[in-house]
Amino acid sequence: MRIHRRDIQERVFAVMGLDKAEAEEKFGFLLEAFMFGAPPHGGIAFGWDRTTALLAGMDSIREVIAFPKTGGGVDPLTDAPAPITAQQRKESGIDAQPKRVQQA
Numbered sequence: 001m002r003i004h005r006r007d008i009q010e011r012v013f014a015v016m017g018l019d020k021a022e023a024e025e026k027f028g029f030l031l032e033a034f035m036f037g038a039p040p041h042g043g044i045a046f047g048w049d050r051t052t053a054l055l056a057g058m059d060s061i062r063e064v065i066a067f068p069k070t071g072g073g074v075d076p077l078t079d080a081p082a083p084i085t086a087q088q089r090k091e092s093g094i095d096a097q098p099k100r101v102q103q104a
């Protein structure tokens, strides 16, 4: 099941090393939404967006999704993806440089 309670999400952020102020700054929209309640769900989906796009003759599912991301993958409602800190890049290995193999 996905997280659907604010208290659990706050504990996850704490385990991730985010203090309350940083969690509120970066994910305040999510924490606020949990205050209004969210149903427990497992994330199963049939693919109605793609089916609807096909039936409507649209070239892109973004034409039939209520809150689509832009073509560049940006969410205009939350400004996601957000920039990450150097520490987060280090932890995730995003900045890892592969070892160079010297040619003989």
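For the sequence shown, full-length UniProt numbering assigns the number 1 to the initial residue and increments by one for each residue that follows.
Ideal Cβ placement from N, Cα and C applies to all residues, glycine included.
Check your understanding: Can the beta-carbon of Met-1 be found closer than 8 Å to that of Gly-42?
Key -> yes
Review point. Using a Cβ-Cβ cut-off of 6 Å (strictly less than) and excluding sequence neighbours within five positions of Arg-62, which residues of its own chain qualify?
Key: Pro-68
Exercise for review: To the nearest angstrom, report how far apart Lys-20 and Ala-104 are at their CA atoms.
Suggested key: 54 Å
Check your understanding: Taking the C-alpha atoms as reference points, what is the distance between Gln-9 and Gly-73?
Key -> 24 Å
Review point. Which residues in the same chain have their Cβ closer than 6 Å to the Cβ of Ile-65, if we skip the five residues on either side of it in sequence?
Key: Asp-49
Practice item. For the alpha helix (DSSP H) containing Leu-54, list its first residue and its last residue. Key: 48-56
Check your understanding: How about Ala-23 and Phe-34: do their beta carbons lie closer than 8 Å?
Key -> no
Exercise for review: Check whether the Cβ atoms of Phe-46 and Thr-78 sit closer than 8 Å, and answer yes or no.
Suggested key: no
Review point. Excluding the five sequence neighbours on either side, which residues of its own chain have a C-beta within less than 8 Å of the C-beta of Gly-71, listed in chain order?
Key: Arg-62
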